[in-house]
Amino acid sequence: MSKFTYATILFLIGFLPFRVDAQLSNRLAEAIEAHPNSLHRIRIEFKDNVDCYALNHTFKQQRLAVSERPKTVITQLQQQADVSQSDILEMLRTELADQTRNIQPFWIVNIIVLEATSEAIQTIAEFPQVALIDIEDSRILPHDPIIRGEEQNSRSVDGVEPGLVAINAPGMWALGYTGRGRLVYDYDTGVWPTHPAFAERFMAHRYPLSQCWHGFFSNVPNGNVSDHGTHTLGTMTGLVEQTNDTIGVAFGSYWIANDFVTTTVEALPPLTDMIGAFQWALNPDGDINTSDDIPDVINNSWRWRDDPDTVQCAGMIVSLMNAIEAAGIANVFSGGNSGPNNTTVNAPQRINTSEVNTFSVGSVNGNLPFPYPISNFSTRGPTQCPSNGNSSLEIHPEVVAPGQNVRSAWATDGYNTISGTSMAAPHVSGALLLLKEAFPYLSGEELLWALYLTAVDLGDTGEDNTYGMGIIDVYAAFQYLAQTNTPVDPNAVAWDIAIKMETTDNGIICGNSISPAVVISNLGDSTISSAHFDYNINGGSGQTFDWSGTLLPGATATVSLPTITTSDYGELGLSIVASIPNHPNEYDLYNNHWYYKTDRREPTPLPFVEDFDHGFGLHDWLVQNEDGGVSWDTVVTSGLDWNEYSASVQMYSYLPRANQKDGLVSPLLQLPATTEQIWLLFDLAYQKWSQSASSQDTFAIQVSTDCGDTFQEVYRKYGDELSTSDTIEPNFLPEFAWNWRRDSVNLSAFADSDVLLRFETANRKGNNLYIDNVKVFVGNTEPAGITDLSAEVKLYPNPANETVYVALTRKWSTSVQMQLFNMLGERIETISAAPSDRIAMDVSELDAGLYFLQVTVEGLSTVKRFVKQ
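Right, here's the structure in full:
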């Protein structure tokens with residue numbers, strides 16, 4: 078269709094009998110005219126929205142308990158989103174299903190983001206509840222460049238970082254406050270969760286990972302994007318107990334994190350995904366009746382925009398920040414590194430709904446004597462957002478904190494001294510955690526006001542656009558709050574029981590049972606004479622156990638819980654909760670939980686055949702990866718008959734720590750007692766890229782007869798011996814039969830054993846490696862291949878929203894067994910359906926993402942992938 082023809086149609090639409098209520102932004106109208114046959118990524122905004130600013134004032138007037146606020150906020154936001162969006166979502170999933178894709182509804186702000194055709198956009202515009210349809214191309218900016226410091230980066234025995242002294246944190250520690258029992262959300266580049274400064278207080282030790290990590294680049298926590306997030310978390314929570322090296326303000330607090338912030342523009346996630354990361358923070362466990370999972374403070378050392386305009390002074394981002402505040406969470410932001418002569422303030426830091434909404438922090442050098450000089454890079458105000466006559470709302474930043482030459486955690490176990498307002502904001506977030514421990518019934522807004530009003534004035538007298546109100550003094554803020562509120566005494570804790578599960582396994586089990594041994598600690602002042610335990614595996618049928626004895630204050634005891642069994646394979650999560658009968662109100666709400674993750678290998682008789690065409694996101698293969706990045710995965714390859722996917726480690730582009738080993742572990746293979754030969758055959762493709770000795774990747778195969786406790790190597794190749802092709806090219810992808818080689822290993826020495834095979838790469842950044850058609854069998858006759866239902870089973874629609882239909886090309890004589898798995902290999906549901914040529918499966922309650930459905934009928938099996946929108 079020509080531009081003229083389409084423009085004419087748009088003109089005529091205005092004279093058609095239907096009404097178009099929504100406004101199409103000018104740039105969307107221009108995009109439609111320029112590309113009438115394209116899909117456009119759009120954002121639908123609605124007329125009716127919850128006013129969370131007013132709702133927050135209602136909470137304060139009614140003196141609603143802080144613990145009750147999140148439920149009210151979430152409920153009202155979700156109800157309004159449902160009223161506004163339900164009709165449109167229904168049409169998107171039915172009449173417009175073939176004209177739209179990648180639908181993302183949100184409730185924390187009342188919007189829908191999707192890709193749609195021009196015709197679909199015009200249909201959506203007819204809905205009276207729609208206010209605006211705009212192009213959605215917003216992306217955040219990367220965090221400010223890391224400014225290298227000037228100090229030593231080694232461990233400091235019995236040391237306390239000068240920045241912590243500058244904000245008077247030792248005054249709070251002297252009273253007994255360490256942030257114990259409080260929770261911070263590190264909204265940053267990710268975190269190395271094993272760093273000794275804070276590893277023990279990662280909430281994933283106590284709750285499922287889905288409640289503790291919200292990943293964009295990785296499903297598991299790591300610092301692969303940058304060590305920036307590890308550094309900011311260290312300043313909030315870091316303490317190395319072995320050396321008493323104190324780098325964190327609230328070193329007794331717990332933490333959760335994400336990896337949504339990046340170092341480069343190219344890698345940035347879309348703005349709407351960032352909004353989703355805030356939405357997750359309001360309800361990490363998916364239960365609006367709980368509030369313990371919600372963080373006390375969100376630390377944001379990043380920015381969205383730095384344009385010299387008033388964008389994000391109003392609209393959905395302001396609504397987002399107001400929702401966070403109304404829920405009782407403190408929202409702390411780094412003030413920006415564009416000083417000293419900046420002409421603009423970043424967004425959302427420029428938002429000024431109140432003095433403490435999007436609480437922005439500038440940087441001073443806390444290593445020098447008082448008065449601490451402003452850092453040259455620290456962004457100055459005023460903010461460009463309208464103030465409606467309130468001059469304080471024009472001031473930027475709100476306060477300052479030490480951000481210059483700050484030593485904190487780095488990499489998996491190191492330290493580094495860097496500078497930036499990114500380093501200043503965590504001092505404020507840590508201070509807030511100390512105050513929240515003292516006043517757990519106060520909201521984040523109230524605690525931020527205390528830090529704001531008690532800051533020590535620096536620079537010009539009074540509030541100014543360089544230092545804001547001055548440098549925070551957390552002890553002064555405590556004294557200010559204590560004048561009208563009664564602080565909790567951290568040295569008079571009547572009841573507090575903590576648990577930790579003792580494990581000696583390797584993260585793999587081969588039986589169907591777990592016998593938990595739990596260490597209980599009495600961290601309160603009263604003697605514990607009994608404890609009650611509730612525990613379950615993967616949320617299934619639970620068991621209880623009651624312990625009795627004498628546990629004095631400070632003492633520990635080991636409790637052996639009765640064995641619990643499971644029929645699940647793959648990833649298992651054992652959840653244990655301890656409580657003290659008749660004493661429900663403990664000081665620390667988290668330390669009486671424990672979450673133990675392991676993986677159960679499924680016994681599998683020979684012959685065993687795997688072509689990887691179904692992926693290995695199920696319970697059949699286990700990926701072992703030290704740094705949490707994407708190592709072993711399935712990718713599309715060519716050159717092998719009837720194969721579409723192969724298992725691969727993309728070592729050319731995968732940049733882990735030096736010489737990292739990544740393993741792919743098989744099911745538990747049952748090798749028979751036999752005098753015949755037992756063979757492992759597999760197809761291999763690898764191409765050595767560099768002649769450098771430092772770039773020689775290694776591929777090895779190991780066998781375990783003790784469920785993974787020990788492995789014996791049976792195959793190892795590297796360099797020229799590993800290569801299957803003489804051609805040299807980067808980022809190798811096999812395309813032809815001659816790119817592949819068939820290799821074999823004799824496993825006869827392991828006859829009459831149940832074994833695990835581990836395919837292991839040692840990554841030296843050489844080139845990509847692929848394996849396929851893994852076969853383990855007895856004798857000299859190789860199994861031909863995998864008999865499955867691939868051609869017999871279809872899934873539609875894909876992507877899906879409400880329902881997935883499983884269509885079989887014929888009606889079978891026996892029932893159809895189906896198992897649904899998420900992309901982490903966790904089994905979500907098992908379904909048994911009567912014989913039919915079409916089976917409907919409700920997926921409306923599933924989170925958006927990739928899923929695998931294993932379909933088994935009459936001894937045949939296949940796995941199909943689908944995407945839930």
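One gets my numbering by counting positions in the sequence shown from 1 and adding 77 to each. For glycine and all other residues, C-beta sits at the position ideal for the given N, C-alpha and C.
Simplified DSSP assignment, three categories, for residue i
i	result
L748	strand
A826	helix
L600	coil
V565	coil
I428	coil
I185	coil
W698	coil
P680	strand
R146	helix
L972	The requested residue 972 does not occur in the structure, where the chain is confined to residues 78 to 946.
A18	Outside the shown range of the chain (78 to 946) lies residue 18, about which nothing can therefore be said.
D573	coil
T642	strand
D175	helix
W815	helix
L666	coil
K941	strand
H134	helix
Rounded C-alpha distance that separates residue i from residue j
i	j	result
D774	A488	23 Å
P860	Y722	19 Å
E701	G584	The amino acid occupying residue 701 in the given sequence is Gln; Glu does not appear at that position. Cα to Cα, Q701 sits roughly 10 Å from G584.
T804	I908	48 Å
T939	S892	15 Å
L252	P567	8 Å
W756	H308	49 Å
D676	P744	11 Å
V932	V881	13 Å
G650	Q162	35 Å
V712	Q155	38 Å
R146	I244	30 Å
L738	L923	The question names Leu, but residue 738 in the sequence shown is Lys. Using only the alpha carbons, I get a separation of about 34 Å.
D797	K945	44 Å
Q789	V780	5 Å
Y928	S715	24 Å
I451	V422	17 Å
Same chain, Cβ closer than 6 Å to residue i, neighbours up to 5 away in sequence not counted
i	result
L321	According to the sequence as given, residue 321 is Asn; it is not Leu. If we look at N321 and ignore the five residues flanking it on each side, its Cβ neighbours are D235.
V190	R120, Q181, E213 and T349
V338	H220, D265, T266 and W379
8 Å Cβ shell around residue i - same chain, five flanking residues per side excluded
i	result
G601	V570, A571, W572, D573, I574, P630, E663 and Y664
V207	D98, A99, I121, E122, F123, K124, I165 and I201
Q153	V127 and L132
S102	L209, I210, D211 and I212
For residue j and residue i, believed in contact at Cβ under 8 Å, the rounded distance
i	j	result
E475	V441	At roughly 14 Å, the Cβ-Cβ gap does not stay under 8 Å, so E475 and V441 are not in contact.
E687	V851	4 Å
A1011	L511	Limits of the chain in this structure are 78 at one end and 946 at the other, which puts residue 1011 out of reach.
I375	Y262	5 Å
T323	V395	Not quite, the Cβ-Cβ distance comes to about 37 Å (not below 8 Å), so this is no contact.
Q727	N615	Incorrect: roughly 31 Å between the Cβ atoms, too far for contact.
F943	N875	5 Å
N808	Y731	Not quite, the Cβ-Cβ distance comes to about 11 Å (not below 8 Å), so this is no contact.
Y847	L799	Incorrect: roughly 12 Å between the Cβ atoms, too far for contact.
Contacts around residue i, its chain only, beta-carbon distance under 7 Å, and the 5 residues preceding and following it disregarded
i	result
R278	T314, S330, Y331 and W332
I605	I574, N599, L628 and I657
D369	L666
Cβ-heavy atom distance, residue i to the ligand PLP, below 6 Å
i	result
T752	With respect to the ligand PLP, the structure shown offers nothing to examine, as it has no ligands at all.
Problem - In chain order, each beta strand (DSSP E) run of at least 3 residues that lies wholly inside the region 301–358 - result: 331–335
Practice task
Starting from the N-terminal side, write out each stretch of the alpha helix (DSSP H) that is 4 residues or longer and does not extend beyond the region 718–804.
Solution key: 796–799
Practice task
Identify every run of the alpha helix (DSSP H) within the region 480–554, keeping only runs that are complete inside it and at least 4 residues long; order them along the chain.
Solution key: If we require 4 residues or more, the alpha helix (DSSP H) runs fully inside the region 480–554 come out as 498–515 and 521–530.
Problem - beta strand (DSSP E) runs wholly inside the region 237–284, at least 3 long, in chain order - result: For the region 237–284, the continuous beta strand (DSSP E) assignments of 3+ residues that do not extend past its boundaries occur at 260–264, in sequence order.
Practice task
Just list the beta strand (DSSP E) runs in the region 871–924, keeping only unbroken ones of 3 residues or longer that don't cross its boundaries, in chain order.
Solution key: Fully enclosed beta strand (DSSP E) runs of 3 or longer: 880–885, 893–899, 904–910 and 915–919.
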